[in-house]
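Read the structure below first, then the notes.
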DNA sequence: GGTGAAATCTTCCGCTC
DNA sequence: GAGCGGAAGATTTCACC
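Protein chains in written order, with the UniProt record's numbering: chain D, 1 to 157; chain L, 1 to 157.
Below, the structure written as structure tokens:
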């Protein structure tokens, strides 16, 4: 994980469809070298995949929300069961299992407020392990394009 | 936005580096047709980009957390200012501006609990517009790979 | 929406440092 | 061990049907 790897990661997080040739040019190594580094990053699990990003609004999902739920009993089985259940629902973007007042935070994308209500009632409230929940509408979201390696020891240098 | 577009989106969300040839084969159209459809999806803003996904742990960011903050005064300027400030910090993964008890939810990735504490004190608590905040450690996260188009009218069919 | 051909890219392998 | 250059095969991409 040197400066070249960092540069590769930075560019590929910004544009995952860069050609190997262009990427090599950007980071200043030969295409063959670049290809090997990218493969090594993938093999080491630093890069986990490449994904097209879509705009939920363009898919008819104009309303996004965070749903905070408390589960009981709070066992490993209940948590992973609920998580697996959520992950398979089309409304769910991602699920966080967290510490604190709430046990899980669910990011959902639905067409409108009615569908959000339906989701909360039929998909969340209907579950026996959910003892309470609340939701927050997302007015705006900004994601950081690039996650940079932290200075210091980590992974295998 | 027909079944072929849906299939294209589904495949590209799963693997953003699929070759156009392979994608065409998967969705059952000729490569040139497929290329044009993908370009149209990009041009219409359905696909906003392609990104390599990285594992925060492999970048030395082994601890992730959600930070919930309340801002005052709650004006457009204060919100967008705080959001812009956060977006540029390397610890920040994404920022949600939300309704409810809290005004913003910040997803952060840091090396350890000490760095989380430092982030909360030096980057969050230090800001004048933040009147209160709390944080939750993320024990586990699962993201849905694929966001599907919703049935019904949306965008331009 | 499909076909074919030129331009470009990927990828392997031997060579060098 | 890491990086480079070239050549074979695959892919992209465009004009045209």
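Note that the Cβ used here is the ideal one computed from N, Cα and C, for glycine as well.
- In this structure residue 32 of chain D is exposed. Its beta-carbon is surrounded by fewer than 16 other beta-carbon atoms within 10 angstroms.
- Take residue 119 of chain L, set aside five residues on each side of it, and the residues of its chain with a beta-carbon closer than 7 Å to its own are 91, 108 and 110, in chain order.
- Judged by beta-carbon spacing, residue 18 of chain D lies beyond the 9 Å limit of residue 9 of chain D, meaning their Cβ atoms are not closer than that value.
- Taken through DSSP and simplified to helix, strand or coil, residue 62 of chain L comes out as coil.
- When DSSP assignments are scanned along the segment 84-138 of chain D, the uninterrupted stretches of beta strand (DSSP E) that are 3 or more residues long and fall wholly within it turn out to be 92-98 and 104-110.
- Taking the beta carbon of residue 53 of chain D as reference, the chain L residues within 9 Å of it are 13, 16, 47, 48, 49, 50 and 51, listed in sequence order.
- Closest in alpha carbon position to residue 57 of chain D, among L:7, L:140 and L:48, is L:48.
- The alpha-carbon separation between residue 71 of chain L and residue 78 of chain L amounts to approximately 8 Å.
- A straight line joining the alpha-carbon of residue 74 of chain D with that of residue 39 of chain L spans about 47 Å.
- In this structure, the CA atom of residue 96 of chain D is about 37 Å from the CA atom of residue 36 of chain L.
- Residue 147 of chain D belongs to the set of residues whose beta carbon lies under 9 Å from a beta carbon in chain L.
- Spatial neighbours of residue 62 of chain L in its own chain (CB-CB distance under 7 Å, excluding positions within 5 residues in sequence) are listed in chain order as 111 and 112.
- Of the candidates L:128, L:54 and L:25, the residue whose Cα lies closest to the Cα of residue 45 of chain D is L:54.
- As computed with DSSP, residue 47 of chain D is found in a beta bridge with L:54.
- When the five nearest sequence neighbours on each side are left out, the beta carbons in the same chain lying within less than 6 Å of the beta carbon of residue 132 of chain D are those of 70, in order along the chain.
- Contact annotation, residue 129 of chain D with residue 104 of chain D: C-beta distance approximately 10 Å; criterion of less than 8 Å not satisfied.
- For the segment 115-142 of chain L, residues whose beta-carbon sits nearer than 9 Å to a beta-carbon of chain D comprise 115, 134, 135, 136, 137, 138, 139, 140, 141 and 142.
- Neighbourhood of residue 96 of chain D in chain L, by CB distance below 7 Å: 66, 138 and 141, in chain order.
- Taken in chain order, the members of the segment 65-90 of chain L whose beta-carbon sits within less than 7 Å of a beta-carbon on chain D are 66, 83, 87 and 90.
- Residue range 3-14 is occupied by the alpha helix (DSSP H) that includes residue 14 of chain L.
- Not one beta carbon of chain L lies nearer than 9 Å to the beta carbon of residue 37 of chain D.
- Here residue 88 of chain D is exposed, its C-beta having fewer than 16 other C-beta atoms within 10 Å.
- For the set L:127, L:6 and L:1, the Cα lying nearest the Cα of residue 146 of chain L is the one of L:6.
- The alpha-carbon separation between residue 149 of chain L and residue 59 of chain D amounts to approximately 4 Å.
- By the beta-carbon neighbour count (other beta carbons within 10 angstroms, threshold 16), residue 117 of chain D is exposed.
- In the DSSP assignment, residue 26 of chain D falls within the unbroken alpha helix (DSSP H) covering 20-27.
- Our two residues, residue 102 of chain D and residue 22 of chain L, have alpha carbons roughly 43 Å apart in a direct line.
- According to DSSP, residue 69 of chain L shares a beta bridge with L:104 and L:133.
- The C-beta of residue 25 of chain D comes no closer than 9 Å to any C-beta of chain L.
- Nearest neighbour of residue 14 of chain L by Cα position, chosen from D:24, D:15, D:52 and D:1, turns out to be D:52.
- Residue 142 of chain L carries a strand assignment under DSSP once its states are collapsed to helix, strand and coil.
- Around the Cβ of residue 125 of chain L, a 10 Å sphere holds fewer than 16 other Cβ atoms; the residue is exposed.
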